[in-house]
Each structure stands twice: as structure tokens, then as C-alpha cells.
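Working notes for the structure below.
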Amino acid sequence: MNASRRLKRIHSIADFRAAALRVLPRMVFDYVDGGSGTESTLRENAAAFERVRLVSAAPVDVAKRSLAISLFGREFPLPLIVAPLGLASSFWVKGELALARGAARHGIPWVLSNNASVLFDEAMAAGNGPKWFQLYVPPNREATKTWARMAREAGFEALQITVDTAVPSRRLRDIRRGFSMPFAWTPAKLFDVVTHPDWTRRIGPHGIPRPKLMFHVPWAEPGAVPDMRTRLSPSLDWDLIRWFRDEWKKPLMVKGLADPRQARVALDAGIDAVVISNHGGRQLDGAVATIDILPEFVAEVGGKLPILIDSGFRTGTDVVKALALGATAVQLGRAAAYAVATAGEEGVAHAIGIVKSEIDTAMALCGVTRVADLNPSLVRRRP
Ligand SMILES: Cc1cc2nc3c(=O)[nH]c(=O)nc-3n(C[C@H](O)[C@H](O)[C@H](O)COP(=O)(O)O)c2cc1C
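Residue numbers for the sequence shown follow our numbering, so the first one is 27 and each next one is one higher.
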């Protein structure tokens, strides 16, 4: 079935997930869908939104509404950002570029992961939307400097440093399916691929997706394969982040904070925004849901530092709950991943459109016409 026919049947991010399950080889779907360890954080991310309930302030005249937000001194049309998604070219041919273009159609930022299969020049040419870059800081200081310089020269508007990956987590679905680098074929993986002909026809001619961007940067040990052990620094700390602050003059964010006390340190270090995240349940198994910890961040730095948030957001009402509790914007991870896997750029644009209309509906029914007017009085916690 072609992409546009597929989209006619898709009315929610849950529909996109079901479509991605059909179209992707199981090993790729599990790479997207899975979490670490027992996947208790993954489950908690979903459960936490059920406990947060909205209160309608109706009757209010909500005939004129705007979903625009202001961040880093400029206006964005929606309180949404497409989160960094490594190896997106395993979901769709040059999936990173499809994500960029889909986000650009709504004028929202897209974050390129440094674990990408496209190079900077291709990324910068994909659509005319705001483009941010996300870095997994490698152990080697020279490589770190090279990344910072290349991202600056490429012209990215903002930088996110991911901090919740001091060590790789154990993602059991990936381990069981052998979805790891360097990639080696087994009969089970071959069967997986041939039983998903849509994906195989599309991706097959391009070969196995590799993190091409990683190979592009001079590496610590020449010839080394940049796998999880060689690309993540277990020594990343505030000293190094302060070094980035000196190097990177544009907006700088720290992604993966879960401890509200770290937000205060971020503020003192001159960071421009924090991204509360548990990596979508892919790192610390048993972590607290981000929507549950958000009020503590607001109490610590609210009003002084923009608070972005991700992990588990699948609907516009999830987004409205976070905005009401004090977040500035929400990053969409899997919502965008399922969409790009289903229908490339069209899928991403359709998914953002769905979440946009859900936000608009929820805001209107809450009796709110501007994102800035969402506030904690609109929220109750189910015991
Ligand atoms: C397939 C996949 C790849 C990801 N790759 C990266 C990455 O390269 N860098 C990063 O900082 N976060 C990465 N993340 C985490 C997302 O940026 C984001 O924090 C997370 O997906 C949010 O949770 P959600 O998927 O429930 O929306 C990845 C997530 C997924 C699902």
C-alpha cells in the first residue's frame, strides 16, 4: 500500500504505531518501540499521563486561539519539537531528512542526532525549518572539539548535549534480536527482512543503514567502529558542559535531566534550556516519569529557564498537561519515529498535524486560547 493511502486510515499516534509494527522488520520496530531492562520506565511514562487529569475552565470565549510559543527570543508556531532519533535511516530511506522536512512543514524545530546516517550538508538542505543538533559526547576530547566545530560551521541554530547516557543501557529486545553494531546477518534476521517486503524494497537498495555521520568525524582510534562503548563518555560532567557553554554561543540545552537540583546548576552554568527526559524509557530502567518530576523543576527554575520535556508523549492532551504544569515545549520521539517509518515526510507532517489538532481541541475545551495561559489550576492528580 502506498504512503498516502496508508495515511487515510491514520487518526492518532497509536494508529501510526500499529502501522509501523506492520511495515518495519520486527528488529527495527523493536529498536524504536523498546525500552531498557524490564521496560518499567516505558510503562510508567504512559501510566503517569493517566494520573494527571485536566479541568475545564468553561464557559470561556475560545473562538480565537493560538498555539504559538516563544523560545530563545523568537516565536515558534507550535509547542512541539522533533526529538533526536538515532539511525532514523533504518525506518525510512534517509529518514533523518524526512523528519526534517516533515517538521519544517509545521515550522517546528527538528533535532539531528549525531548518531545519524546523513551528513551535515544533506541535513541542512532538508526543508527550511529550524534545525538543531544533538551530541552524544564522546570520551575523546579532540573528537568532542571536532563535533562542536563541525556543528557550528554547519549552521545549526541550537545544540542539545545528551547527559543520560553515561553508559549504554541493556535493551533486551535489541540484544535478543541481534540489532547491534557491527551488524551481522543471521537466518532469523533474513527471514524478518524478507517478510517485510515494503521496507525491504525501499531500504534494501541502499544497504544496511550505518551511522554515517559518526564515521565522518576523526575518531579516537583510527579504524575503530564507533559503537556505544566508543561514542559515549562516562566522564561527562558540568566542567565539560561549561566548556561547551564557552564554545557554543547559540542556544545550548542539556537533554536528559531528571533531577530538579541539576536544573539550578544548569541555570548557574548559563545553559539556555533544560530537556527533562528519561530517554523515552531507554536508559535508566525504573526511572521516574518526566511529567511527575516536572513540577519540581518548575519550583526550582520555573520562569528563569525554559523547560522542555519528552518521554511518553503520544497525544495533544499529554502535551497540554505538561504545558499546564509549566513546560515550555514538548519533544516528540517515538511519535515521529512511527510516523516516518509509516510514510516518510508525509507521515511526519501528518503526525504533527494530528498532535497539533489534539492540542488545539484540548486547549479550547479547557477554556484557554493561548499556550501561555495554560497553568496548574487546570490540572488535578488522580490519587
Ligand atoms: C529510535 C530512537 C532513537 C533515539 N536516538 C536518540 C539519539 O540519537 N539521541 C538522543 O539524545 N536521544 C535519542 N532518543 C531519545 C529521544 O530523543 C527522546 O528522548 C525519546 O524518544 C522521548 O520519548 P518518546 O519516544 O516516548 O517520545 C531516541 C529514541 C528513540 C525511540
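By construction, the Cβ of each residue, glycine as well, lies at the ideal position given by its N, Cα and C atoms.
Note that the structure is a prediction, hence the values are computed from the model and not measured.
The continuous alpha helix (DSSP H) containing L33 extends over residues 29-34. The region 77-86 makes contact with the region 391-400: 3 or more CB pairs, one atom from each, lie closer than 8 Å. Of the candidates G60, R52, L331, the residue whose Cα lies closest to the Cα of R196 is G60. Excluding its 5 nearest sequence neighbours in each direction, G296 has C-beta neighbours in its own chain below 7 Å: R271, listed in chain order. The Cβ atoms of R257 and S62 do not sit closer than 8 Å to each other.
Per DSSP, S383 is one residue of the alpha helix (DSSP H) stretching across 360-392.
Within the same chain, Cβ atoms closer than 6 Å to the Cβ of A292 are found at V280, V300, the five residues on either side in sequence being excluded.
Note on geometry: alpha-carbon atoms of A325 and F209 lie some 45 Å from one another. In the three-state reduction of the DSSP assignment, A353 falls in the coil class, being assigned neither a helical nor a strand state. Distances from the alpha-carbon of L404 to those of F159, A350, G282 put A350 closest. Cβ-Cβ distances below 6 Å link G373 to A365, V366 in the same chain, with the five nearest sequence neighbours on each side left out; the list follows chain order. Counting only runs of at least 3 residues, the region 136-220 fully encloses the following beta strand (DSSP E) elements, listed from N- to C-terminal order: 136-139, 157-162, 184-188. Remark: C-beta atoms of S143 and S115 approach each other more closely than 8 Å. H37 sits close to I380, with the two beta carbons spaced by under 8 Å.
Taking 8 Å as the upper bound for CB-CB distance, R199 and D311 are not in contact here, some 13 Å apart. The nearest non-hydrogen atom of ligand 1 is less than 7 Å from the C-beta of K281. The bridge partners DSSP lists for A299 are M279. A distance criterion of 7 Å places the beta-carbon of Q160 in contact range of ligand 1, judged by its closest non-hydrogen atom.
By the neighbour-count definition (other C-beta atoms within 10 Å, threshold 16), K382 is a buried residue.
Here the alpha carbon of P321 sits roughly 12 Å from the alpha carbon of G329.
Residues G342 of the same chain have their beta carbon placed closer than 8 Å to that of T387, with the five preceding and five following residues left out of the count. Ligand 1 approaches V58 closely enough that one of its heavy atoms is under 7 Å from the residue's Cβ.
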